[in-house]
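Taking it in order: structure first as structure tokens, then the write-up.
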Amino acid sequence: MLLAPILMVFAVTVSLLAPQPTSQIIQDGNYPAVVCPGALGGGTEQISLPAKGIGARAVNGRSEILQVQKSSVLTGVRTPTFIGGNPGSVIAFESISGTNSADAICQVGGIDQWFIGGSGGVTSQGVLQIINSGLSDSLVQIFPYNSKGALAPIAITVKANSARNFSLASIVPGEDSVALHVVTDSGRVSTFLLDHRRNGLRDLGASFMTPVNAPANKSYISGLLGSSAKAASTMRFLVPGNVSAHVHLTIYSNGGAITPVGFDSLVVARQRVLDVAIPPAAVAGTYGIEVTSDQPIFASTLTRTSLGGVDFSWANQLTPLSSFRINFAGARAQFFFMGKAIAIRARWVDSKGKSNSEIISGDSSALWRPQGTLNGVAFTTLTKSPTFGGMILANPSGGLNYLPLLANRLISRAQSPNSDLRTLARQ
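Residue numbers for the sequence shown follow my numbering, beginning at -15 and rising by one.
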């Protein structure tokens, strides 16, 4: 009877004296690679990297080897470019004509990408570029929408490490008010839409569209040019669901907040693209828009301007700002932030190589207009409250460009065990 308790005590003693396994969990994360569009519309392109020493390669069907870049600016780029993972944001600057330019934030891509903008009308020179940066063929479906409803889907295949270009006029022929939903069934795909318009020999402007992943009941569009700069803006809406939406717009500027006439409870029919002009007198200076709806909705803003030459640009729904860095490669920019309790630190280097720092703050919106041209800029969020930021960018070749402040998000994250080797030997 005494043997069992003695054996139990012996077993517990041995287990306590034996070496214990030490298992620590390490959070392992990687920044994803991004892809930049090729030069479209007959233009020339340069790509600004947030720093030197980042790997890059052309997506041209030949090589998959990344070449470490000695410069932070890649010039004379023609084909799509694959950029190695880094915590910064990468910009593709494209010069379309003497007065027009189109800039794009290079992106990771995704399964669902929505483009709320563009035109397939008689002036359209627009291009949808679908880039497969993976090592196997990709299957992609395009679901177009116009002012009357959803159109028949288009299925395509994109070969490994290559890109295909499609004219917007061939996808939605004769349609001025369009939206595209690009769904990737397989492969690593990034999609870019260039809205480029021309009337005979006269260039009417060009702009890349920033893709949006999902509709929202509340969203923000920021960094827009007011009517005092010879600009006129139009809102574009799409409700992808089966119930029509009631939409409310609030415009924020340094003069406060207003709701334009007709935007207090605007009805947007389901699955139909709707364009509505913003009254010219609504706001004069730089501004941002808060869109609220009783149904998930997509929204974008098209601004046309004749200041310094005819051009236009699209602005789309924003994602919350996070800390990141970006290289403007000598461009001029102004920034507009929206949210509650805005607090952001900006550190930047100007064209003369001088370092600067400033705290940007505001209750519901804040405008930041740094003097002169910009090179590297680092943004650090100082509050947990979501903040949304957009910018008006004037690159050296001119033209109007809207871009989101969009970081290369840390999306690849996994837990890996860290075992102590002492578990393999007694001490």
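Even for Gly, the Cβ is constructed at its ideal location relative to N, Cα and C.
Predicted, not measured: the structure shown is a model, and the values here were computed from it.
Strand pairing of residue i, partner residues [DSSP]
i, result
"Glu48", "Note: Glu48 sits in no beta bridge, so no partner."
"Thr65", "Cys20, Ala42"
"Gly133", "Asn130"
"Asp259", "Arg220"
"Asn392", "Paired residues: none, contrary to the question."
"Ala317", "Leu377"
"Lys202", "Thr276"
"Asn340", "Trp332"
"Leu123", "Thr141, Ser170"
"Asn149", "Gln113"
"Val57", "Ser32"
"Arg287", "Rather than Arg, the amino acid found at residue 287 in this sequence is Thr. DSSP lists Ser217, Ser297 as partners of Thr287."
"Phe308", "Phe363"
"Ile242", "Ile235"
"Asp248", "Partner(s): none; Asp248 has no beta bridge."
"Ser161", "Note: Ser161 sits in no beta bridge, so no partner."
"Ser348", "Its beta-bridge partners do not exist; DSSP assigns none."
Cβ neighbours of residue i in the same chain (closer than 6 Å, five flanking residues each side left out)
i, result
"Ser211", "Pro264, Ala268"
"Ala136", "none"
"Thr28", "Ser79"
"Ile95", "Thr168"
"Val333", "Ser339, Asn359, Gly360"
"Ala327", "Ser345, Leu366, Thr367"
"Ala215", "Leu209, Thr287, Thr289"
"Ala241", "Thr234"
"Ser277", "Asn201, Ala229, Val231"
"Gly93", "Val173, Ser174"
"Arg148", "Ile114, Val142"
8 Å Cβ cutoff met for residue i and residue j
i, j, result
"Asp187", "Trp298", "no"
"Ser349", "Gly272", "yes"
"Val57", "Ser32", "yes"
"Thr270", "Ile376", "yes"
"Gly360", "Ser335", "no"
"Ile412", "Ala283", "Since the first residue of the chain shown is -15 and the last is 411, residue 412 is not available in this structure."
"Phe431", "Leu258", "Residue 431 cannot be examined here, being either before or after the span of the chain that is shown, -15 to 411."
"Phe296", "Ser203", "no"
"Gly374", "Gly207", "yes"
"Ser237", "Thr285", "no"
"Val106", "Val124", "no"
"Phe372", "Pro304", "yes"
"Phe99", "Pro195", "yes"
"Tyr129", "Val166", "no"
"Leu223", "Val252", "Here residue 223 is Val; the residue named in the question, Leu, does not match the sequence. Yes, these two residues count as a Cβ contact at 8 Å."
"Arg329", "Ala378", "no"
Close Cβ partners of residue i (< 7 Å) along its chain, the five nearest in sequence each way excluded
i, result
"Ser120", "Ala144, Gly171"
"Arg256", "Ser131, Lys132, Gly133"
"Val227", "Arg254, Gln279"
"Ala76", "Cys20, Pro21, Glu29, Ile31, Asp87, Ala88, Cys90"
"Ala23", "Glu29, Val61, Arg62, Glu78"
"Gly425", "What the structure shows of the chain is the stretch from -15 to 411, and residue 425 is not part of that stretch, so it cannot be assessed."
Burial state of residue i (16 or more Cβ within 10 Å)
i, result
"Arg353", "exposed"
"Asp248", "exposed"
"Gln11", "With a pLDDT of 35 at Gln11, under the threshold of 50, the modelled position of that residue is not reliable, and the figure given next carries that caveat. Answer is exposed; the Cβ neighbour count stays below 16."
"Arg309", "buried"
"Arg220", "buried"
"Ala139", "exposed"
"Gln301", "buried"
"Gly323", "buried"
"Gln113", "buried"
"Gly72", "buried"
"Asn116", "buried"
"Pro157", "exposed"
"Gln355", "exposed"
"Ser122", "buried"
Contact set for residue i: own chain, Cβ-Cβ below 8 Å, skip 5 residues either direction
i, result
"Gly110", "Gly102, Ser103, Gly104, Ser151, Leu152, Ala153, Leu177, Leu178, Asp179, His180, Arg181"
"Leu50", "Gly39, Ala40, Arg41, Phe66, Gly68"
"Glu48", "Arg41, Leu119, Asn145"
"Asp347", "Lys324, Ala325, Ile326"
"Gly246", "Val260, Pro263"
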